[in-house]
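For the sequence shown, this note's numbering gives the first residue as 28, with consecutive numbering after it.
Ideal Cβ placement from N, Cα and C applies to all residues, glycine included.
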Amino acid sequence: MSLMRGLMMEMPLLISSLIRYAAEYHGGREIVTRTIEKDIHRTTYAEVYRRTQQLAHALTALGAEPGDRIGTIGWNSHRHLEVYYAVSGIGAILHTINPRLFADQLVYIMNHAEDRFLFVDSSFVPLIEQLADKLPKVEGIVVMAAEDRMPETTLANVHCHETLIAGRPEHYDWPRFDENTASSLCYTSGTTGNPKGVLYSHRSTVIHSWCVCSADTLGINNRDSLLVIVPMFHANAWGTPYAAAMCGAKLVFPGPHLDGQSVHELIESEGITASAAVPTVWLGILQYLEETGKTLDTLERVAIGGTAAPPVMVRTLQEAYGVRVCHAWGMTEMSPLGTTGVLKGESLMLPKEEQYKLQEKQGRGIYGVDLKIVDDDGEPLARDGVAFGNLMVRGPWISSGYFKGEGGDVLDPDGWFPTGDVATLDAEGYMQITDRAKDVIKSGGEWIGSIELENVAMEHPGVAECAVIGVKHPKWDERPLLLAVRRPGSNVTPAELLGFFAGKVAKWWLPDDVVFLDELPHTPTGKVLKTALRERFADHVLPTAGVAE
Ligand code: AMP
28 MSLMRGLMME MPLLISSLIR YAAEYHGGRE IVTRTIEKDI HRTTYAEVYR RTQQLAHALT
88 ALGAEPGDRI GTIGWNSHRH LEVYYAVSGI GAILHTINPR LFADQLVYIM NHAEDRFLFV
148 DSSFVPLIEQ LADKLPKVEG IVVMAAEDRM PETTLANVHC HETLIAGRPE HYDWPRFDEN
208 TASSLCYTSG TTGNPKGVLY SHRSTVIHSW CVCSADTLGI NNRDSLLVIV PMFHANAWGT
268 PYAAAMCGAK LVFPGPHLDG QSVHELIESE GITASAAVPT VWLGILQYLE ETGKTLDTLE
328 RVAIGGTAAP PVMVRTLQEA YGVRVCHAWG MTEMSPLGTT GVLKGESLML PKEEQYKLQE
388 KQGRGIYGVD LKIVDDDGEP LARDGVAFGN LMVRGPWISS GYFKGEGGDV LDPDGWFPTG
448 DVATLDAEGY MQITDRAKDV IKSGGEWIGS IELENVAMEH PGVAECAVIG VKHPKWDERP
508 LLLAVRRPGS NVTPAELLGF FAGKVAKWWL PDDVVFLDEL PHTPTGKVLK TALRERFADH
568 VLPTAGVAE
């Protein structure tokens with residue numbers, strides 16, 4: 028076979044091209060930040076691009092080289108955006124760090140990444156002061172603050188972001204290099220073992236951004252005023268800082284202020300049309316709306332993911348507030364978008380209740396992400412919406428391995444990445460996660476998916492948050508235990524909550540017991556920390572334990 032080469036220009040897909048485009052074609056479009064101090068800062072793509080180029084000069088002057096890792100510990104803000112673009116733009120690697128990690132993990136990942144410089148928000152300076160003597164590779168720290176908001180510090184080699192860029196040339200000749208060059212690094216939160224680094228490339232980032240802009244996913248577009256709630260330190264804020272530049276959407280950053288009132292204020296004042304966040308944040312917003320009777324007039328649609336969107340949340344947002352929900356699934360290793368829940372044309376012909384059933388699922392296959400489910404021997408399972416197994420993925424914005432080879436060869440022999448999630452796929456391509464593989468409850472040789480049980484419990488008006496875990500049972504191996512947090516003012520009893528499940532799930536799936544807690548433990552990315560709950564309830568005696576069934 029003799030193949031013929033196409034005659035198209037070879038232009039590498041580079042991250043610098045995104046912000047250059049935004050400045051050139053949408054220069055006046057606003058970028059709004061609620062600062063740590065809570066005031067509102069306004070700028071534009073043109074201004075951010077100018078400052079990004081100044082920062083690129085500053086980085087070069089500091090001695091940053093292509094391939095260097097440069098860490099950030101910061102909330103969502105315009106300065107963090109400038110660091111995103113300047114670092115990757117010069118060919119260095121942006122390492123976004125989750126400040127909610129334990130100190131030991133922070134030290135581990137900064138040393139593992141060998142970060143040469145750190146950009147930190149002023150509120151994280153005390154944290155870095157505590158860790159500094161364990162970070163021998165860090166040569167300098169830039170505080171992402173104005174001069175008059177620089178904190179007192181004992182740290183050496185500290186720079187102020189504004190002083191650092193002031194007076195630098197406003198044009199930077201972005202280098203042109205292979206689009207497969209590493210652009211950014213993000214560590215998985217690793218509830219067991221050390222965090223592992225996911226290393227994105229310019230190419231994967233740019234094509235993932237196109238995906239984020241497409242109408243069947245988050246559909247970010249130029250008319251949007253986008254509130255980026257999902258943190259820039261977790262999976263690139265779902266790619267939104269790149270996607271927004273690609274289409275010139277207005278960007279709004281909430282800083283650290285994610286309580287219902289602060290978020291609602293921004294939605295109103297900035298005419299927010301689209302947003303993305305994990306369910307716990309939406310929960311806070313919905314509670315605030317319920318308490319105050321306020322509405323979400325401008326908000327057209329939201330993406331919910333990170334953990335399962337409770338069906339009651341989807342229904343409330345759509346019916347009570349007129350906001351369309353896109354339930355999305357993905358992971359750090361997937362840049363992160365994997366599936367999105369914009370319903371297909373045919374699905375919109377279905378009765379409302381069936382549409383809601385589809386929205387409970389984590390979305391459907393999108394171009395760029397191949398999906399399959401397999402059994403424990405790697406054999407493909409039926410796409411019938413019933414069979415469930417290990418979810419495997421493949422595509423150009425999915426990791427082929429971890430930074431520095433940690434974890435060894437992660438792909439299967441055919442090049443598929445094991446997500447660690449257990450899921451069903453149906454004939455229409457909708458995917459539903461039943462559980463993380465390690466959270467599945469094994470009862471009498473059968474599997475019980477905790478997410479479905481959690482979804483039912485969340486429908487009860489007295490439940491604010493919940494988790495279902497498997498605990499030891501003498502006859503069945505494991506049985507489900509429901510751990511729930513009551514909503515303020517509710518005094519729902521365990522028996523009432525169990526009764527609420529009647530007719531909603533198969534009888535043998537019913538939790539064997541309910542325990543109410545004041546709060547649930549969370550991972551640094553806002554997921555319920557089930558490993559901690561399993562440890563805490565390892566010796567819990569189920570009321571059914573002595574009962575012959
Ligand atoms: P992370 O890499 O921290 O973003 O976590 C990725 C994991 O979060 C996935 O493998 C899933 O277990 C979980 N996850 C993400 N989105 C969803 C969702 N919509 N429903 C259920 N689990 C989700």
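For the 8 Å CB-CB criterion, L418 and V449 form a contact. Residue nearest to G98 within the set Q81, V352 and S210 is S210 (criterion: CA-CA distance). Inside the region 183-240, DSSP marks whole beta strand (DSSP E) runs of 3 or more residues at positions 185-187, 209-214 and 224-228, from first to last along the chain.
Within the chosen limit of 7 Å, the ligand AMP does not reach the beta carbon of A450 with any heavy atom. For K384, the secondary structure class from DSSP, reduced to helix, strand or coil, is helix. The alpha carbon of V413 has as its nearest neighbour, out of I496, P423 and I460, the alpha carbon of I460. Runs of the alpha helix (DSSP H) lying entirely within the region 332-398, each at least 4 residues long, are 338-342 and 379-387 in chain order. Taking non-hydrogen atoms of the ligand AMP into account, the C-beta of Q389 is found less than 7 Å away from one of them. For W356, the Cβ falls inside the 7 Å cut-off from some heavy atom of the ligand AMP. Counted as a single uninterrupted DSSP element, the alpha helix (DSSP H) harbouring N482 occupies residues S477 to E486. In this structure, the CA atom of A173 is about 7 Å from the CA atom of H188.
Between the ligand AMP and S216, a heavy atom-to-CB distance of less than 7 Å is present. Annotation for A484 indicates a beta carbon at 7 Å or more from all heavy atoms of the ligand AMP. Annotation: the continuous beta strand (DSSP E) that includes P445 extends over F444 to L452.
Placement of the Cβ of A303 at a distance of 7 Å or more from every heavy atom of the ligand AMP is found. Inclusion of C274 and I393 in the CB contact set at 8 Å is not warranted, their separation being larger than that value. A contact between stretches requires three or more CB pairs, one per stretch, nearer than 8 Å, and the region 187-206 fails this requirement with the region 326-338. Ranked by how close their Cα comes to the Cα of V165, the residues A183, D148 and P153 have A183 in first place.
Shortest gap from the CB of A336 to any heavy atom of the ligand AMP: under 7 Å. If one requires a minimum length of 4 residues, the alpha helix (DSSP H) runs lying completely within the region 233-284 are 267-274, in chain order. Of the residues F564, T558 and P570, the one whose Cα lies closest to the Cα of G220 is T558. Of all C-beta pairs linking the region 452-471 to the region 421-435, fewer than three are shorter than 8 Å, placing the two stretches out of contact. Relative to the ligand AMP, I478 has its C-beta within less than 7 Å of a heavy atom. The beta carbons of S362 and N482 sit no closer together than 8 Å. Note on the region 507-572: whole beta strand (DSSP E) runs with a minimum of 3 residues are 540-543, in chain order.
By the Cβ-count criterion, S296 is exposed, with fewer than 16 other Cβ atoms from all chains shown falling within 10 Å of its own Cβ. In this structure, L560 sits away from H549, with a CB-CB distance that is not shorter than 8 Å. Shortest gap from the CB of G447 to any heavy atom of the ligand AMP: under 7 Å.
When secondary structure is reduced to three states using DSSP, F151 falls in the helix class.
When the beta-carbon positions are compared, L133 and I168 stay at least 8 Å from each other. Residue environment for W535: exposed (fewer than 16 other C-beta atoms within 10 angstroms of its C-beta). DSSP places F430 within a helical segment (H, G or I) once states are collapsed to three. With fewer than 16 other Cβ atoms from the protein chains shown falling within 10 Å of its own Cβ, T181 counts as exposed. In terms of Cβ geometry, V541 and L525 form a close pair [threshold 8 Å]. Secondary structure remark: continuous alpha helix (DSSP H) runs of at least 4 residues inside the region 105-131, in chain order: 105-116. Contact annotation, T367 with L245: C-beta distance approximately 7 Å; criterion of less than 8 Å satisfied.
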